[in-house]
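The block underneath contains the structure these notes are about, expressed in structure tokens.
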Amino acid sequence: MLEFLQQPWHWSVAGVMIGLTVPTLLILGNKKFGISSSLRHVCAACMPANIPFFKYDWKKEAWNLFFVAGIFLGGFFAHLFLQNPEAIQISESTQQILASYGISDFSSLMPAEIFTWDNLFTLKGFIFFVLGGFLVGFGTRYAGGCTSGHSIMGLSNLQVPSLIATISFMVGGFISANVLLPLIFKFL
Amino acid sequence: MEKTIIKTTEIEEIINADVRHTDAMCTNESALQHPWWYNFKYMVVGIVFGIVFVKAEIISWFRIQEMFHLTSFHMYGVIGTAVIVGLISVQLIKRLNIKSIYGEKITIDNKEFSKGQIYGGLIFGLGWAITGACPGPLFAQIGNGFGVISITLLSAIAGTWVYGKLREKLPH
Numbered sequence: 001m002l003e004f005l006q007q008p009w010h011w012s013v014a015g016v017m018i019g020l021t022v023p024t025l026l027i028l029g030n031k032k033f034g035i036s037s038s039l040r041h042v043c044a045a046c047m048p049a050n051i052p053f054f055k056y057d058w059k060k061e062a063w064n065l066f067f068v069a070g071i072f073l074g075g076f077f078a079h080l081f082l083q084n085p086e087a088i089q090i091s092e093s094t095q096q097i098l099a100s101y102g103i104s105d106f107s108s109l110m111p112a113e114i115f116t117w118d119n120l121f122t123l124k125g126f127i128f129f130v131l132g133g134f135l136v137g138f139g140t141r142y143a144g145g146c147t148s149g150h151s152i153m154g155l156s157n158l159q160v161p162s163l164i165a166t167i168s169f170m171v172g173g174f175i176s177a178n179v180l181l182p183l184i185f186k187f188l
Numbered sequence: 001m002e003k004t005i006i007k008t009t010e011i012e013e014i015i016n017a018d019v020r021h022t023d024a025m026c027t028n029e030s031a032l033q034h035p036w037w038y039n040f041k042y043m044v045v046g047i048v049f050g051i052v053f054v055k056a057e058i059i060s061w062f063r064i065q066e067m068f069h070l071t072s073f074h075m076y077g078v079i080g081t082a083v084i085v086g087l088i089s090v091q092l093i094k095r096l097n098i099k100s101i102y103g104e105k106i107t108i109d110n111k112e113f114s115k116g117q118i119y120g121g122l123i124f125g126l127g128w129a130i131t132g133a134c135p136g137p138l139f140a141q142i143g144n145g146f147g148v149i150s151i152t153l154l155s156a157i158a159g160t161w162v163y164g165k166l167r168e169k170l171p172h
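Top to bottom, those sequences are chains B and P. Every letter in the first sequence is one number past the one before it in the UniProt record's numbering, and letter 113, counting from 1, is 113. Every letter in the second sequence is one number past the one before it in the UniProt record's numbering, and letter 141, counting from 1, is 141.
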């Protein structure tokens, strides 16, 4: 059983389980599925700095902080008990693209060439951790939601603004992966 | 003439509710007050969710690159299936008037268009392909042993804060 669970799970299994999170949260307490708001609640709780956008009763949304703490723990439990011993299976064509970036280590879920503490105080670390993270936090709040809130919760509720947001996420991602990243790796 | 007296705290509550809903999808619509430890059930949902994130490799930077190079169907399969299952669930909840476990009516607000969905969406997209993560996977990546992602998370919180600071000056 454990070995069965340690293999990578099929996309349809993951899709169904993520989709079911939407009704689960609604039925457990009329909560809307979403994640990026947790970042805002941290701002509201820790450093509201008299900014109107952070002046609200964040305790009312504490459930969201418990939810993301659970996601952290889920990642931790998967690491302890369900780690896949094999290298990640990536298509040949993706491997070729990544090789042109100088990335060839597929032993874990993240490329060891980038996501290590050693890179923190380098230009690479600045771009991938600091700049990348900033864009994610700034962009999701400006858009009013992320992949969870807009692309899953919003689309499930047939919201046109969420469709517009989702298309914008994808356009931004395509530009970044196909234009920006090749340039970044060229100069690193 | 009868005067309606509204206490300052009530006004604050009304204002709070509005700000809480500004630029947010996932809000708590429950009017019920529960002790804080009732929130542990959302942690349990999060744990299952986090395990799925790792095991379906959604937290992988590699999978995100594949998605944006159209070299794999995996991520499209995950998101597509999730939307279909979510859509059917929400429609069933609405049509059958399903209540929450506390007997409360489930309400889902409609969202209004704002230019932020385009500008912010594009900015997030740029960051998504660089970090290989949307906000959810950030938490699962840290838990999964990629400690340095905590810097990405801190930076994402800083990005959210700067947005809040500049909000009034940005086009919406």
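Heads up, the beta-carbon is just placed ideally off N, CA and C, and yes, glycines get one too. Since the model is a prediction, treat every value here as computed from it, not as a measurement.
Sequence-distant Cβ neighbours of LEU92(P) in its own chain, meaning closer than 8 angstroms and more than five residues away, are ILE98. DSSP, read as helix, strand or coil, puts ASN28(P) in strand.
A straight-line Cα-Cα distance of about 12 angstroms links ASN64(B) and VAL44(P). When DSSP states are grouped into helix, strand and coil, LYS111(P) belongs to the coil group. One Cα belongs to GLN83(B), the other to LEU73(B), and the distance between them is close to 14 angstroms. Taking THR107(P) as the centre and dropping the five residues before and after it, the same chain places the C-beta of GLU29 closer than 8 angstroms to its C-beta, in chain order. Of all residues in the stretch 129-150 of chain B, those with a C-beta nearer than 8 angstroms to a C-beta of chain P are PHE129, VAL130, LEU131, GLY132, GLY133, PHE134, LEU135, VAL136, GLY137, PHE138, GLY139, THR140, ARG141, TYR142, ALA143, GLY144, GLY145, CYS146, THR147, SER148, GLY149 and HIS150, reading in chain order. Interface annotation for the stretch 22-37 of chain P against chain B: THR22, ASP23, ALA24, MET25, CYS26, THR27, ASN28, GLU29, SER30, ALA31, LEU32, HIS34 and TRP36, criterion Cβ-Cβ distance under 9 angstroms. Beta-bridge partners assigned by DSSP to LYS31(B): ASN28(P).
Residues of chain B whose Cβ lies closer than 8 angstroms to the Cβ of LEU126(P) are, in chain order, LEU135, GLY139, GLY172, GLY173, ILE175, SER176 and LEU180. Look at LYS94(P) here: in three-state DSSP terms it is helix. Membership of ARG141(B) in the alpha helix (DSSP H) is indicated by the continuous run 132-143. Three or more beta-carbon pairs drawn from the stretch 116-133 of chain P and the stretch 129-145 of chain B are found closer than 8 angstroms, and the two stretches are therefore classed as touching. Using a CB distance cut-off of 8 angstroms, ALA45(B) does not count as an interface residue toward chain P.
Contiguous alpha helix (DSSP H) elements confined to the stretch 16-94 of chain B occur at 37-46 and 62-81, taking only those with 4 or more residues.
Sequence-distant Cβ neighbours of VAL22(B) in its own chain, meaning closer than 7 angstroms and more than five residues away, are PHE33, ILE152, MET153 and SER156. Under the DSSP definition of a beta bridge, LYS99(P) partners with LYS105(P).
Going by C-alpha positions, GLY50(P) is about 13 angstroms away from TRP9(B).
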